[in-house]
Amino acid sequence: MTGSARRRSGDSRYGDQVPLVAAAVCPHPPLLVPEVAGSTAPELDDLRVACDTAVRRLLAAEPDTVLLLGTGPVTGPIRNPAIGSLQPWGVDLDVPLVSGQPDRGAVLPLSLTIGAWLLARHDPRESATAAQVSAVQVAADAGPAELAALADEINAAGDRVALLVLGDGSACRGEKAPGYDDPRARPYDQRVATALAEADLDGLLDLDPVLSAELKAAGRAPWQVLAGAARSAGGGWRGELLHDSAPYGVAYFVASWERM
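Be aware that the sequence shown starts at 6, since it is given in the working numbering, and climbs by one per residue.
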């Protein structure tokens, strides 16, 4: 069934307009890219498989727009053409937001660079709806009002929007972790994992920004935008946690959300 046919026949329970239709949550470590990981690439094979599954499910919702959402230096949209680079991580590899576009323009932060790389493994232009791809970044220290406004903007981005949300959990899971060891990290990550698994909007919206920053959890702001957008879109949501690990002292979650 094409996207237009699905809008005519299958989405009447949501009214004439269906804003957010699906979401995928993935982490954004540079090591996800095998060229960056080198000989250690197999260590994250399970994580890559989970991310691929989440992205495939996202595209299966037949969105008109796939919106990448991740942390960046400021809050706001990133206009095409845009490109990210993995040169800071030792690999001469550029990742465009949309393949085939000019290699100049806006610069993608790491989160959206990895998101564009993940999405390029499943070219949305080859899907039934030939989804458009766009991106928005959110400042790591964004407050509730800023996050709520961004969530509303996402639902105004089109009739059928799918979110690919990029964000890591705490970076304090052990003495070799980037943020060293913090006993608060594991309970924090368990709370996030449960909220993602259950599509618990309140559980994500209630994450403490101060604690999140202290634990170096890069996903806090994007996760809360996701929760706000899901609430603004209305309807019930079903979540599934596809992956939960902390191989290098940083928590990585992969989740898939769909409408009930």
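Note that the Cβ used here is the ideal one computed from N, Cα and C, for glycine as well.
Return helix, strand or coil for residue i, following the three-state DSSP convention.
| i | result |
| --- | --- |
| G110 | coil |
| T199 | helix |
| D213 | coil |
| Y193 | helix |
| S237 | helix |
| V79 | coil |
| E40 | helix |
| L124 | helix |
| A87 | strand |
| L117 | helix |
| V230 | helix |
| V71 | strand |
| A59 | helix |
| S132 | Here the model assigns S132 a pLDDT of 47, short of 50, so the residue's position is not dependable, and the following value carries that caveat. If DSSP states are grouped into helix, strand and coil, S132 belongs with coil. |
| G95 | coil |
| A218 | helix |
Tell me whether the beta-carbon of residue i lies closer than 9 Å to the beta-carbon of residue j.
| i | j | result |
| --- | --- | --- |
| V138 | A156 | no |
| A222 | V259 | no |
| A27 | A167 | yes |
Here's the rule: buried if 16 or more other CB atoms are within 10 angstroms of the residue's CB, otherwise exposed. What is residue i?
| i | result |
| --- | --- |
| T76 | buried |
| E180 | exposed |
| T45 | exposed |
| R264 | buried |
| R225 | buried |
| G43 | exposed |
| E67 | buried |
Stretch pair the region 167-176 + the region 228-236: three plus CB contacts closer than 8 Å:
yes
3 or more residues per run - each beta strand (DSSP E) lying fully within the region 142-178
166-171
Pairing CB atoms from the region 139-147 with CB atoms from the region 75-91, are three or more of them under 8 Å?
yes
Contact between the region 244-260 and the region 193-212: three or more CB pairs below 8 Å?
yes
Stretch pair the region 44-59 + the region 93-104: three plus CB contacts closer than 8 Å:
no
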